[in-house]
Each structure stands twice: as structure tokens, then as C-alpha cells.
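What follows is a short report on a single structure.
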Amino acid sequence: MEIWLWAAALILAAVSVLLLVKIYLLRKGAREIRCSLKERMAGDDAGETNTLIDLSTRDGEMRRLARELNGQLMELRRLRHRFRQGDRELKGAVANISHDLRTPLTAISGYLELLEQGEHSPEDCRYLAVIRERVELMGQLTEELFRYSVFWAEDSELSPESISLNRALEESVAAFYGALTGRNIEPVIELPREKVIRQLDPAALSRILSNLLSNAVRYSDGDLHIRLTPEGKITFSNRAPGLNHLQVERLFDRFYTVEAARKSTGLGLSIARSLAERMGGSLRAEYREGRLCLRLWFPEKKTEHAHAAETGH
């Protein structure tokens, strides 16, 4: 009897060992799949790698799972390549169309100036003013489309250099001072005493600040408060009773405009956010108690030496 018990115990122990080994191999295979999938889906080149998931385990189900995932990765790679190709073609088409529109618009504007120099009845002057407004809006849209295609081009590289956010803000506000005072807007600026230095592309930063100030000219109800903190946070705040929460949530959508800014192309804030993110910053909008707040932030990038000092490596 004892022999049978020992035999049963040995068999049970062997089965347990086999099960433990099986579980270990399954967990190892699952871990390999998870790590491989994470590596291949991480970053901007997700799905672009030619290396597929490979397993060390010989378990049939795990290998079938890996084959299924490899099939999905190959399909993702194909769709991503197709999307990028179409995106490049669209950007090229937008650039070409906007460029081709410049010539006839220039001619129309020239002939319109000739017409405006003559004697006209009040009704004719009203019609000419409407035409002039539409031509200027068309020119603005054409220019924005061209800049849009340039800024989103894959080969458009930024050239960061040390920039004082204090000085950049002062220069941008000075450039817009005429437009602001023309809308009876007296800007209030709060700047820290110390310089806030960041590594940014000068042209891109100037573009961001210009778009934000243009937005203030459109939406402000007579005030504009600009504040820069030592942490690199810039806030543009103004009364905007003509907006609501739903409209503010869509301000960064491409080509979205609201009735209060019907002369806008709907690209300015979208371009500003994209440029800010490309330089490691962020741009978001808030609407509280009738005030529109646009918050631009460029966090300070830590050097490798500072990071090593903090982590102790």
C-alpha cells in the first residue's frame, strides 16, 4: 500500500513540475510578446520596423498568437505607409494650390486698385469695399495654407537656439501694439525680473506669439493680460463674451472658425500648438467666467549632467 502511495506521490510531483514548467514557459512567451510588441509600437516609427515578433518558446498556441500579431503589424505597416504617402501628397497639393492662387489674386488686387481710383456712386463704393474685403480674406487664407503646408512638411527642420522669452514677448507685443490699440485694447504685461531662457527656434516662437496675439485681437472685449512666469509659462487672458465652452474646445481644430472671427482662416492656433509641441512645449485653452485663457508652456529641458546628478548615476 505504501508503495502505491509513494508512486502516486511521485507521479503527482512529476505532473506538478511539468505544470510549473509549462506555466513558466507560457509566462515567458507572454512576456516576450508583450516586450516585443511594446518596442515595435513605441515612438513615431510604430509599425515601421521590419523586425517582427519572434519567440524562444516552442509552445504552439503562443507561436500562433505571435503569428497573428505579426500579421497585424504587417498590416499596420502597410496602412501607415499608405497614410504617410497620402499625407505627403496632400501637403504638396496644398502648397501648389496656394502658390498658384497667388498670381491671380495679385492681378485681381491690382485691377481692384485701379477701379477704386475712379469716381463711383455710393452703391459702387459699397460693392468695391465688399470685393476688397473678400480679396484680402482670400489672400490671407492662401498665405495661411502655404505656411500650413510648410510647417507640417516632414523635412521642415527647426533650429533651436538660446532665446529670452521675456524679450520675445516684448518684441511681439510691440509689433502688435498698433493692432491692439486700434481695437481699444491696452495690454497689461507681467514679466519676471530674471530672464527666462529656453532653447527654441526663433521663427517658430515668433509665429506662435503672433498667432496668439492675433487671436486676442479677434476675440478680446477690450482687455489683454499677458503673464510670464519663471517656469516658462505664458498666459494670454482676455474677456471674450462672444465665445462659449464648446467653441473654445475646438479652437485648435484645423480650419475651425467661429462667428466672432469669421475673417479667420482657422489655422492660426492649430499651427501655434503644433509648433509648440514640436519644440517640447504645450498650448491649451480654458474658458472661465467669460474669460478666454491661452496657456503656453515651455518647460526647461534638463541636461544629461543635471539628470545624472538627480538620479545619482
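Each residue of the sequence shown is one higher than the one before, starting from 1 at the first, in UniProt numbering. Glycine included, every Cβ here is placed at the ideal spot set by N, Cα and C. Keep in mind the model is a prediction, meaning the values are calculated, not measured.
Item, Value
"Residue environment, asparagine 184, which counts as buried when at least 16 other CB atoms sit within 10 Å", "exposed"
"Beta-carbon proximity check, residue 346 vs proline 241, cutoff 9 Å", "This structure cannot settle anything about residue 346, because the visible part of the chain is limited to 1 through 313."
"Cβ distance (whole Å) where lysine 195 is taken to contact tryptophan 297 below 8 Å", "In fact, because the Cβ distance is near 17 Å, the residues do not count as touching under 8 Å."
"Endpoints, the alpha helix (DSSP H) within which valine 173 is located", "165 to 182"
"Among Arg278, Met279, Ile271 and Val248, nearest to alanine 285 - alpha-carbon criterion", "Val248"
"Contact set for alanine 276: own chain, Cβ-Cβ below 7 Å, skip 5 residues either direction", "Ile208, Ser282, Leu283 and Leu296"
"CB of leucine 37 within 9 Å of CB of isoleucine 53, strictly", "yes"
"Alpha-carbon to alpha-carbon, aspartate 221 and histidine 120", "36 Å"
"Own chain, CB closer than 7 Å to residue 369, minus 5 neighbours either side, in chain order", "Here the chain covers residues 1 to 313 and nothing more, so residue 369 does not appear."
"As assigned by DSSP and simplified to three states, the class of asparagine 244", "coil"
"Residue range of the unbroken alpha helix (DSSP H) whose run includes arginine 295", "Unbroken run through arginine 295 is the beta strand (DSSP E), 291 to 297; no alpha helix (DSSP H)."
"DSSP-derived helix/strand/coil call for histidine 120", "coil"
"Three CB pairs or more closer than 8 Å across the stretch 211 to 229 and the stretch 185 to 194", "yes"
"Separation of glutamate 157 from arginine 40, as counted between CA atoms", "25 Å"
"Three-way DSSP call (helix, strand, coil) for valine 188 in this model", "strand"
"Residues that asparagine 238 bridges to, as DSSP identifies them", "Leu292"
"Distance between beta carbons of leucine 105 and valine 135, contact taken as under 8 Å", "7 Å"
"Three-way DSSP call (helix, strand, coil) for aspartate 100 in this model", "helix"
"Glutamate 300 - DSSP class collapsed to helix/strand/coil", "coil"
"Whether methionine 279 touches alanine 204 by CB criterion (9 Å)", "yes"
"Span separating the alpha-carbon of serine 214 from that of alanine 179", "9 Å"
"Delimiting residues of the alpha helix (DSSP H) encompassing isoleucine 208", "202 to 219"
"Buried versus exposed call for tyrosine 219 [16 or more other C-beta atoms within 10 Å across all chains shown]", "buried"
"Neighbourhood of leucine 12 by C-beta, 6 Å cutoff - its chain only, sequence neighbours within 5 removed", "none"
"Option nearest residue 314 by Cα separation, candidates Leu269, Leu65 and Leu69", "No answer is possible for residue 314: the residues shown for the chain start at 1 and end at 313."
"Outcome for phenylalanine 252 when other beta-carbon atoms lying within 10 angstroms are tallied against a minimum of 16", "buried"
"Separation of isoleucine 23 from methionine 62, as counted between CA atoms", "12 Å"
"Beta carbon of threonine 57 nearer than 9 Å to that of serine 98", "no"
"Cβ distance (whole Å) where serine 162 is taken to contact isoleucine 197 below 8 Å", "6 Å"
"Closest residue to arginine 167 among Pro202, Glu133 and Gly182 (Cα-Cα distance)", "Pro202"
"Unbroken beta strand (DSSP E) run spanning arginine 58, endpoints", "Looking at the DSSP string, arginine 58 is not in any beta strand (DSSP E), and its letter there is neither H nor E."
"Lysine 38 - DSSP class collapsed to helix/strand/coil", "helix"
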